[in-house]
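In our numbering, the protein residues as written are 282 to 383.
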Amino acid sequence: MLRQAARPLARAARPVQVRYGSTPHYNQPSGYVFSEEIGPGQKRVRESWETIFYTGFFGGLALAAAIIVYKPDTSIQAWALQEAKQRMEARGEPTKYTSPSQ
Numbered sequence: 282m283l284r285q286a287a288r289p290l291a292r293a294a295r296p297v298q299v300r301y302g303s304t305p306h307y308n309q310p311s312g313y314v315f316s317e318e319i320g321p322g323q324k325r326v327r328e329s330w331e332t333i334f335y336t337g338f339f340g341g342l343a344l345a346a347a348i349i350v351y352k353p354d355t356s357i358q359a360w361a362l363q364e365a366k367q368r369m370e371a372r373g374e375p376t377k378y379t380s381p382s383q
């Protein structure tokens, strides 16, 4: 009798297989953009924080791009080339290659 009472509980405790993404999900267009309804021929009114966000975000991207483009070359190859030229000039050797005239 106790076993018969425990069977439904044992079935409920089993994990149920859930398949996510098995069917295509599509939200039908509702006419709302950013949770606000815009009628035909109307322009969306920006909120107060949007201009500050866009200015800061894209201004920061432009500043970062300028810093990356104009940063000094600190690679080991650039340092080694400069050091080799200084040592060759100190020994009196030419640092520019001149092709032999034929």
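Ideal Cβ positions, reconstructed from N, Cα and C, are used throughout, including at glycine.
Checklist line | Enclosing alpha helix (DSSP H) for residue 329 [first to last residue] | finding: For the purposes of this step, residue 329 is taken as residue 48 along the sequence shown, with counting starting at 1. DSSP places residue 329 inside the alpha helix (DSSP H), whose first and last residues are 329-350.
Checklist line | Member of 312, 337, 371 and 334 whose CA lies at the smallest distance from the CA of residue 325 | finding: In the sequence shown, residue 325 corresponds to position 44, counting from 1. Out of 312, 337, 371 and 334, 312 has the C-alpha closest to the C-alpha of residue 325.
Next item on the list: Would you tell me roughly how many angstroms separate the C-alpha atoms of residue 381 and residue 367, rounded to the nearest one?
Entry: By 1-based counting over the sequence shown, the position of residue 381 is 100. By 1-based counting over the sequence shown, the position of residue 367 is 86. Note on geometry: alpha-carbon atoms of residue 381 and residue 367 lie some 24 Å from one another.
Next item on the list: Look at the alpha carbon of residue 376 and the alpha carbon of residue 360, and state the distance between them as a whole number of angstroms.
Entry: Taking the sequence shown and counting its residues from 1, one reaches residue 376 at position 95. Taking the sequence shown and counting its residues from 1, one reaches residue 360 at position 79. Taking the straight line from one Cα to the other gives about 15 Å.
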